[in-house]
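Numbering (the working numbering), first residue to last: 22 to 281. Okay, structure first, notes after.
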């Protein structure tokens with residue numbers, strides 16, 4: 022697995038201590054260059070850099086359509102993805118900054134703001150899901166999370182229908198894991214309408230906006246939402262389900278999509 026590295030560690034328990042081989046997740050700096058402009062550095066897992074770059078650009082509102090993409094060049098050794106578009110994007114009126122997007126809860130600087138929700142259409146999808154289907158999908162997400170099982174150091178995300186996981190990704194950043202999902206959907210022409218997103222991470226306003234931009238009506242998390250994440254989900258017509266653990270879950274917004 023490219024996402025892990027084996028290192029010598031000292032294991033200490035009540036029974037004593039011993040030298041063993043430990044497994045840690047890989048952290049990788051990836052720079053995205055848009056139209057010859059160094060836009061951002063993401064701290065991420067090293068897999069699927071092209072999907073991550075495209076997902077990030079769409080999530081941040083810097084690309085609107087796949088047709089805008091002229092060329093993608095990946096320098097895996099140098100940690101750079103270059104994206105050329107057919108015409109200038111909205112980034113030209115942004116300040117000349119190279120933000121550092123942290124892999125955890127903080128994101129340094131993002132081009133996407135909670136106020137961007139004002140320009141988003143309400144999600145009108147009629148998709149519904151049963152509690153049994155929610156529990157089964159989250160269970161499948163956990164089973165697929167091989168890097169998390171090995172290291173405990175990554176987040177998982179998946180695009181699903183009501184029965185199966187369709188696209189899966191892991192990354193050290195919860196934002197990155199979702200951007201990789203959307204980048205793959207965009208580049209491989211995988212539809213996101215009438216679909217569900219599952220994440221292992223906290224649902225903040227940024228996560229909610231990513232999902233809303235892809236017109237996805239149901240967002241499920243093993244973790245908790247923030248208050249702004251809940252408010253935006255309510256305003257944008259998204260069913261937000263959190264704290265899915267075993268046979269328990271909390272439905273925060275647009276509860277009518279969860280069939281009794």
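C-beta atoms are modelled at their ideal positions from N, C-alpha and C, and glycine is treated no differently.
Check: Is residue 103 helix, strand or coil by DSSP?
Finding: Working through the chain shown from its first residue, we reach residue 103 at position 82. Residue 103 falls in the strand class under three-state DSSP.
Next item on the list: Please report how far the alpha carbon of residue 116 lies from the alpha carbon of residue 56, in whole angstroms.
Entry: Here the question's residue 116 lines up with position 95 in the chain shown. Here the question's residue 56 lines up with position 35 in the chain shown. Bear in mind that a pLDDT of 47 at residue 116, under 50, signals an unreliable position, so the number given afterwards is only what the model happens to contain. Pairing residue 116 with residue 56, the inter-Cα distance amounts to about 15 Å.
Check: Quick one: any contact between the segment 81-89 and the segment 32-42, if contact means 3 or more CB pairs under 8 Å?
Finding: Counting Cβ pairs under 8 Å, fewer than three are found: no touch.
Note to self: Contact defined as beta carbons within less than 8 Å: I believe residue 189 pairs with residue 235. What is the distance between those atoms, to the nearest angstrom?
What the structure shows: Sequence index remark: in the chain shown, residue 189 carries index 168 (1-based). Sequence index remark: in the chain shown, residue 235 carries index 214 (1-based). For residue 189 against residue 235, the beta-carbon gap comes to about 16 Å, at or over 8 Å, which does not count as contact.
Next item on the list: Give every residue of the same chain whose Cβ lies closer than 8 Å to the Cβ of residue 114, excluding the five residues on either side of it in the sequence, and list them in chain order.
Entry: Working through the chain shown from its first residue, we reach residue 114 at position 93. Summary for residue 114: the model assigns pLDDT 49, below 50, so the residue's position carries little reliability, and this model does not support an answer.
Checklist line | Start-to-end residues for the alpha helix (DSSP H) that takes in residue 153 | finding: Residue 153 sits at position 132 when you count from the first residue of the chain shown. Unbroken alpha helix (DSSP H) run through residue 153: 152-165.
Next item on the list: Would you decide whether residue 209 is buried or exposed? Buried here means 16 or more other CB atoms lie within 10 Å of its CB.
Entry: Counting from one through the chain shown, the residue named residue 209 turns up at place 188. Counting the other CB atoms within 10 Å of its CB gives residue 209 a total below 16, which places it among the exposed residues.
Check: With DSSP run on the structure shown, which of helix, strand or coil describes residue 70?
Finding: Looking up residue 70 in the chain shown gives position 49. Annotated three-state conformation of residue 70 is helix, per DSSP.
Checklist line | Per-residue DSSP class, three states only, for residue 98 | finding: By one-based count along the chain shown, residue 98 stands at place 77. Looking at residue 98 - three-state DSSP - the assignment turns out to be coil, as it is neither helix nor strand.
Notebook entry, point to check: In this structure, does DSSP put residue 237 in helix, strand or coil?
Noted result: Here residue 237 is taken as the residue at index 216 of the chain shown, counted from 1. Per DSSP, reduced to three states, the secondary structure at residue 237 is coil, with no helix or strand assignment.
Next item on the list: Take the Cβ of residue 177 as the centre, count every other Cβ of all protein chains shown within 10 Å, and call the residue buried at 16 or more, exposed below.
Entry: Numbered from its first residue, the chain shown carries residue 177 at position 156. Burial call: buried.
Item checked: Cα-Cα separation between residue 246 and residue 77, rounded to whole angstroms -> Residue numbering aside, residue 246 sits at position 225 when the chain shown is read from its first letter. Residue numbering aside, residue 77 sits at position 56 when the chain shown is read from its first letter. CA-CA distance, residue 246 to residue 77, rounds to 21 Å.
Notebook entry, point to check: Does the distance from the C-beta atom of residue 53 to that of residue 63 stay below 8 Å?
Noted result: Locating residue 53 in the chain shown gives position 32, where the first residue counts as 1. Locating residue 63 in the chain shown gives position 42, where the first residue counts as 1. Contact annotation: residue 53 and residue 63 have beta-carbon atoms nearer than 8 Å.
Notebook entry, point to check: According to DSSP, is residue 205 helix, strand or coil?
Noted result: Taking the first residue of the chain shown as 1, we reach residue 205 at position 184. Here residue 205 sits in helix by DSSP.
Margin query: Using 8 Å as the threshold, is the C-beta distance between residue 199 and residue 220 below it?
Written below: For this step, residue 199 is matched to residue 178 along the chain shown. For this step, residue 220 is matched to residue 199 along the chain shown. Yes, these two residues count as a Cβ contact at 8 Å.
Next item on the list: For residue 93, I'd like the list of residues in its chain whose CB is within less than 6 Å of its CB, leaving aside the five on either flank, ordered along the chain.
Entry: Sequence index remark: in the chain shown, residue 93 carries index 72 (1-based). Closer than 6 Å at the Cβ level, and outside the excluded window around residue 93, lie 71 and 104.
Next item on the list: Ignore the nearest five residues each way along the sequence and tell me which others in residue 224's own chain have a CB closer than 6 Å to its CB.
Entry: Residue mapping note: residue 224 aligns to position 203 of the chain shown, counting from 1. Around residue 224: 242, 246 and 250.
Next item on the list: Flag this pair as yes or no: are the beta carbons of residue 168 and residue 175 separated by less than 8 Å?
Entry: In the chain shown, counting from the first residue as 1, residue 168 sits at position 147. In the chain shown, counting from the first residue as 1, residue 175 sits at position 154. Yes, the Cβ-Cβ distance between residue 168 and residue 175 is below 8 Å.
Check: Buried or exposed: residue 69, going by 16 or more other Cβ atoms within 10 Å of its Cβ?
Finding: Position 48 of the chain shown, counted from the start, is the residue given in the question as residue 69. Burial check for residue 69: the Cβ neighbour count within 10 Å reaches 16 or more, so the residue is buried.
Note to self: Residues in the same chain with beta-carbon distance under 7 Å from residue 148, minus the five sequence neighbours each way, listed in chain order, please.
What the structure shows: Within the chain shown, numbered from 1, the residue matching residue 148 stands at position 127. When the five nearest sequence neighbours on each side are left out, the beta carbons in the same chain lying within less than 7 Å of the beta carbon of residue 148 are those of 215, 238, 239 and 278, in order along the chain.
Margin query: Pull the bridge partners of residue 45 from the DSSP assignment, please.
Written below: For this step, residue 45 is matched to residue 24 along the chain shown. Under DSSP, residue 45 takes part in a beta bridge, and its partners are 26.
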